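Numbering (this note's numbering), first residue to last: 119 to 257. The structure appears below as structure tokens.
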Amino acid sequence: MTQRTLSIIKPDAVERNLQGAILKMIQDSGLKIVALKMLRLSKDEARGFYAVHSERPFFDSLTSYMSSGPIVVGILEGENCIEKYREIMGATNPEQAEEGTIRKTYALDIEKNSVHGSDAPETAREETAFFFSRMEVVG
Ligand code: IDP
Ligand code: MG
């Protein structure tokens, strides 16, 4: 089944100039980029995006970090793409991520873990709509 998922290259990775390297890992996996842009979230926008985590102890730190600098957001498309991109990203905690994954290769710690990917079809729909209008999605 062809799916779409939301990808974010987080501030820690953009700050280290890793956008190109991470996009290459995504493209080498066969996933197609159908939307892409760079922006910076306000703290309130970061709170909105991560609302599901609002009760977690790391919420304030996470939303400060996610609004600390520019991010690159994209929509990826492909067969079984939600699960496939989660595999390429690796585990949330980079210490537990598989060799060759984006997080194992580039993440700094469990919070500054370089990338985001949607976790299910419903969240993928919500998250892609959070960042992109229909006109911005091509291919
Ligand atoms: P995911 O990004 O792998 O889906 P989630 O559990 O949805 O992981 O958490 C969202 C984000 O919150 C993570 O990517 C990471 O940046 C941050 N995070 C998750 N767990 C922790 C933690 O225990 N401490 C600090 N930050 C965390
Ligand atoms: Mg998640």
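Even for Gly, the Cβ is constructed at its ideal location relative to N, Cα and C. Owing to the predicted nature of the structure, the values given are computational and were not obtained by experimental measurement.
Check	Outcome
Helix, strand or coil at Glu-163 according to DSSP, with G and I counted as helix	helix
First and last residue of the uninterrupted alpha helix (DSSP H) at Ser-179	177 to 184
beta-carbon Phe-176 near the ligand IDP non-hydrogen atom, thresh 7 angstroms	yes
Three CB pairs or more closer than 8 angstroms across the region 188 to 208 and the region 124 to 137	yes
Glu-213 in three-state terms, based on DSSP	helix
Helix, strand or coil at Gly-208 according to DSSP, with G and I counted as helix	coil
Within 8 angstroms, strictly: CB atoms of Phe-248 and Phe-177	no
Range covered by the alpha helix (DSSP H) that runs through Val-190	First-last for Val-190: 189 to 197, but that is the beta strand (DSSP E), not the alpha helix (DSSP H).
heavy atom of the ligand IDP below 7 angstroms from Glu-205 C-beta	no
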